[in-house]
Every structure is written in C-alpha cells, then in structure tokens.
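Read the sequence shown against our numbering and you will find it ends at 238, with the numbers running on by one and no gaps. Please read the structure below before turning to the comments.
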Amino acid sequence: MDLTGTFYGIGVGPGDPELLTVKAIDALKKVDVLIAPKTEKKSDSVALSIAQPYLKPSVEIFYRTFPMVKDFAAETAVFEAHKDEILKLLRGGLNVGFATLGDPMFYSTYIYIFKLLEPCGVPIVTVPGVPAFLAIAAQIGRPLASGNDILTIIPATADLAAVNDALARADSTVLMKVYKNFAEIVDALTAHGMTDEAVLVSRCGLDDEKIITDLAAHKDERLNYLSTILTSKNRA
Ligand SMILES: C[S@@+](CC[C@H](N)C(=O)[O-])C[C@H]1O[C@@H](n2cnc3c(N)ncnc32)[C@H](O)[C@@H]1O
C-alpha cells in the first residue's frame, strides 16, 4: 500500500478571512505539516493567520526561509533543500500544506516548489484562491474586462522599459508589486495617460486596508508590499 502523503498548495485569498474556498478549508484540515514561508516581506504571516483557524490542533508549522526569486537558477540550492525536506515528510506518510496568499499559481513562491516536486511522482493537489486583483476590483466596484476587452497584468518589478512597452499597448491594466518603485510607476502611468483612472489598494480585505485614488499626490510614500494598482487609459 502506498502511504505517501499529499502535497497541498492552498490559495487562501488576499486577506479577507471570508474569501477562502470550501476546498481550501477542506485541504487545510487535512495537513499534518504546514510550510510557512518566511521572506523579508511580512506578508507571508498573513497567509498563515488566514489558514490558522482551520488547521488541526496537532499540525506542525515549519517556518522556512524562501528567497525572493529574481533568478530561480541562482537560488536552486535553497529550493532543492526545501524540496528534499517536503519529500521526506510526504514519503513518511504525512500530508504537507503550503498556504499562499491569493492564488498559488499566480506570482507565488509555491510555483517554484511545485515545479521541483512535480517530476518526483508524489501526489500534488493545488487549490486555487481568489487573487488580490479580483478581490480589489470587487471591493472598489470596478469591472476589469468585458466583451472583447484585453486585460493586461504587469509586475511593476519588471524592467521599466518592458513595463512602459506593456503600458503603451494596454488598456485595462493591473499593476502588481508596485511597492518597490512606486514613484517611477506613477511617472510611467502619467506618461501613458493612465493616472486619472488609477486606483491603488493596499492590504485589500485586511483591517488596515488603504485605498488611494490620487496617485501623484502620494508618489513619494512608502507603500506596503501588498499594494496593487488597477487602471485603464484615460478616455476623457
Ligand atoms: C507575490 S505576489 C502574490 C500574488 C497572489 N498570489 C495573488 O493571487 O494575488 C504579491 C503581490 O500581490 C498583490 N497582493 C497580494 N495580496 C494583496 C492584498 N491583500 N491587497 C493588495 N495587493 C495584494 C500585491 O501586488 C503584491 O505585491
């Protein structure tokens, strides 16, 4: 009999504790070990606090450091070590969970672990979650795309020339990870006539959620890591 445990990648939504799916709750209840990623960003503890009420009392939380991956190839050793540890737990018959903010297959550390574990032949279940940009659209009452609209999603941490290229072609746009170079991004949006329609939401669904509509006036502020901009071309 195969006693290998299952690896669960669980999307817990963007912050609002009511935005977990039934499937995510069921998966959280099944895990014996939960891997809690630690990075220099505190956002990872948000995923853990959303997951916490559904975990078994006996669950073991393994806090592990995952580098912010700019170049996955350069960080392989750290990820390989985490993969080996997870494999050992699974082959010991334990179910292992990895809770991720929003959706696990969308700009998440989970993707790197998933890619390493997939060829190992262990059971993997990925549970989708509500991504932040969709929760934000609902929260601020802003339809993102309808009919033949093309929606563009841009990580603001990409090369600025690539961001500008994408903005030149874009209409309805989501900008993720805007915390690092917010001032540059505001300038780029201004150049493309996209500031009037822009709304920035920080920590959507959490107690300290913040909504900013006048981006230029806030250009020099330090943003929380969990900040996203929705915008489109100024049609005035
Ligand atoms: C590493 S990505 C994770 C994306 C996540 N997997 C998702 O499905 O939304 C981190 C970025 O997601 C966005 N984000 C995640 N949670 C958020 C929240 N509660 N409010 C605003 N933006 C959020 C921000 O743009 C942040 O910089």
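Each residue gets a CB set at the ideal place from its N, CA and C atoms; glycine is no exception. As the structure is a computational prediction, the values presented were derived from the model and not from experiment.
Under 7 angstroms from any heavy atom of ligand 1, does the C-beta of residue 114 make it? Along the sequence shown, one-based indexing puts residue 114 at 112. False, no ligand heavy atom lies under 7 angstroms from that Cβ.
Reducing DSSP to helix, strand and coil, say where residue 61 ends up. Here residue 61 refers to the residue found at position 59 when the sequence shown is read from its first residue. DSSP, reduced to helix, strand and coil, places residue 61 outside both helices and strands of the structure shown, so it counts as coil.
Identity of the residue in 178, 207 and 198 nearest residue 225 by Cα: The residue labelled residue 225 in the question sits at position 223 within the sequence shown. Residue 178 is the option with its Cα nearest to residue 225.
The alpha helix (DSSP H) with residue 114 in it runs from where to where? Locating residue 114 in the sequence shown gives position 112, counting from the first residue. Boundaries of the alpha helix (DSSP H) around residue 114: 112 to 119.
Tell me residue 208's beta-bridge partners as DSSP assigns them. Taking the first residue of the sequence shown as 1, we reach residue 208 at position 206. Partner(s): none; residue 208 has no beta bridge.
Taking one C-beta from the stretch 113 to 122 and one from the stretch 135 to 145 each time, how about it: are there three or more such pairs within less than 8 angstroms? no
Separation of residue 12 from residue 129, as counted between CA atoms: The residue labelled residue 129 in the question sits at position 127 within the sequence shown. The residue labelled residue 12 in the question sits at position 10 within the sequence shown. C-alpha separation (whole angstroms): 5 angstroms.
Integer-rounded CB distance, given that residue 64 should sit under 8 angstroms from residue 35: For the purposes of this step, residue 35 is identified with residue 33 of the sequence shown, where counting begins at 1. For the purposes of this step, residue 64 is identified with residue 62 of the sequence shown, where counting begins at 1. Indeed they touch by this definition, with Cβ atoms about 6 angstroms apart.
For residue 60, count the other beta carbons within 10 Å of its own beta carbon; 16 or more makes it buried, fewer makes it exposed. Which is it? Residue numbering aside, residue 60 sits at position 58 when the sequence shown is read from its first letter. Under this definition residue 60 is an exposed residue.
Just to confirm, are residue 134 and residue 50 a CB contact at a threshold of 8 angstroms? Working through the sequence shown from its first residue, we reach residue 134 at position 132. Working through the sequence shown from its first residue, we reach residue 50 at position 48. Cβ distance not < 8 angstroms, so residue 134 and residue 50 don't count as in contact.
Between residue 38 and residue 10, how many whole angstroms is the CB-CB distance? I'm expecting something under 8 angstroms. The sequence position of residue 38 within the sequence shown is 36, counting from 1. The sequence position of residue 10 within the sequence shown is 8, counting from 1. About 14 angstroms separates the two Cβ atoms, so there is no contact after all.
Check the DSSP bridge columns for residue 11 and list the partner residues they point to. Looking up residue 11 in the sequence shown gives position 9. Looking at the DSSP assignment, residue 11 forms a beta bridge with 100 and 128.
For residue 36, list the residues DSSP reports as bridge partners. Here residue 36 refers to the residue found at position 34 when the sequence shown is read from its first residue. According to DSSP, which records beta bridges pairwise, residue 36 is partnered with 63 and 99.
Mapping DSSP to helix, strand and coil, what is residue 229? If you number the sequence shown from 1, residue 229 lands on position 227. Strand.
Since residue 156 is in the beta strand (DSSP E), which residue starts that stretch and which ends it? Looking up residue 156 in the sequence shown gives position 154. Its beta strand (DSSP E) spans residues 153 to 157.
Could you say if the stretch 79 to 96 and the stretch 146 to 161 meet the contact criterion of at least three C-beta pairs nearer than 8 angstroms? no
For residue 305, does the three-state DSSP call read helix, strand or coil? In this structure the chain extends from 3 to 238, so residue 305 is not present and cannot be described.
Near residue 56, what residues of its chain come up, given a Cβ to Cβ distance below 7 angstroms and the 5 sequence neighbours on each side ignored? Walking along the sequence shown from the start, residue 56 turns up at place 54. The answer, listed in chain order, is 27, 30 and 31.
Going straight from the alpha carbon of residue 157 to that of residue 88, what length do you get? Taking the first residue of the sequence shown as 1, we reach residue 157 at position 155. Taking the first residue of the sequence shown as 1, we reach residue 88 at position 86. Their Cα atoms are separated by approximately 29 angstroms.
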